[in-house]
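In this note's numbering, the protein residues as written are 2 to 234.
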């Protein structure tokens, strides 16, 4: 029973980062244990790898409650999105996915569609690169878990809003990255649009108009209902 519960827990999208962290620790322990000829040293390296991954994630993914300190990346994106309101766009910030610890940093509804934007502040000293249009790296770190999270969050928002309105609503996922130089303008990686944070407005407005004012308002109201504030006042 306990094993089934653990397996269910590890499959939960909310804990993808823990699965990755455990995998990194196990691989490091096995490799160094063999190379050094000591399972104790291998275990020590595995523990250090687990801790290092936890520190890296804490530095690159904001987990500080918004009521204490909004991340710099979120503030910059919010400032850009505020300028879209004059063009008929509606925005929601720091919205929770019910039943999870996940958060959509910014949900945007406007004439060109519905978007989920996750704002990321990464270490500018590490290069960002892509491999075969399927793998995103920040320095040596594979960002597949972060892409999977962004895609999952948008899919959950799409499902919740669609059910509330009784018709299918597509929410486009994205990562807006601040810090390091991004060697492309807008690139779709694993079904997530990835771009420099300064291109948020252009990414949204470059698309063809597909929603009327009435549709924008109805989607916005539905999103407010089904995606509660992460940090209610």
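Note that the Cβ used here is the ideal one computed from N, Cα and C, for glycine as well.
- In the same chain as residue 186, and ignoring 5 residues on each side of it, the C-beta atoms closer than 7 Å to its own belong to 196, 200, in chain order.
- Its chain contains 91, 110 as the residues whose beta carbon lies nearer than 7 Å to that of residue 221, once the 5 sequence neighbours on both sides are disregarded; these appear in chain order.
- Between the region 159-178 and the region 36-53 there are fewer than three inter-stretch CB-CB distances shorter than 8 Å, so the stretches are not counted as touching.
- In this structure, the beta-carbon distance from residue 105 to residue 158 falls below 8 Å.
- Listed in chain order, the alpha helix (DSSP H) elements of length 4 or more contained wholly in the region 163-233 are 201-206, 214-227.
- Taking all protein chains in view, the Cβ of residue 116 is crowded by 16 or more other Cβ atoms within 10 Å, so the residue is classified as buried.
- In its chain, beyond the 5 residues on either side, 148, 151, 152, 174, 175, 176 have a beta carbon closer than 7 Å to the beta carbon of residue 193.
- The alpha-carbon separation between residue 34 and residue 26 amounts to approximately 12 Å.
- Remark: C-beta atoms of residue 113 and residue 208 approach each other more closely than 8 Å.
- Uninterrupted beta strand (DSSP E) stretches at least 3 residues long and entirely within the region 136-161 occur at 136-139, given in chain order.
- The criterion of a C-beta distance shorter than 8 Å is not satisfied by residue 188 and residue 129.
- Taking 8 Å as the cut-off, the beta carbon of residue 85 is found no closer than this to the beta carbon of residue 108.
- By the CB criterion at 8 Å, residue 98 and residue 154 fall inside the cutoff.
- Note on residue 52: under 16 other CB atoms within 10 angstroms of its CB, so exposed under the neighbour-count rule.
- Residue burial is scored here from C-beta neighbours: residue 75 has at least 16 other C-beta atoms within 10 angstroms and is therefore classed as buried.
- In its chain, beyond the 5 residues on either side, 105, 108, 228 have a beta carbon closer than 6 Å to the beta carbon of residue 96.
- Residue 28 counts as exposed, since fewer than 16 other C-beta atoms from the protein chains shown sit within 10 angstroms of its C-beta.
- Taken through DSSP and simplified to helix, strand or coil, residue 103 comes out as coil.
- Pairing residue 212 with residue 31, the inter-Cα distance amounts to about 54 Å.
- Distance from the CA atom of residue 120 to the CA atom of residue 136, rounded to whole angstroms, is 19 Å.
- Counting along the chain, residue 92 sits inside the beta strand (DSSP E) bounded by residues 91-97.
- Looking at 77, 103, 172, 145, the one whose alpha-carbon comes closest to that of residue 156 is 172.
- Between residue 215 and residue 184, the alpha-carbon positions lie close to 38 Å from each other.
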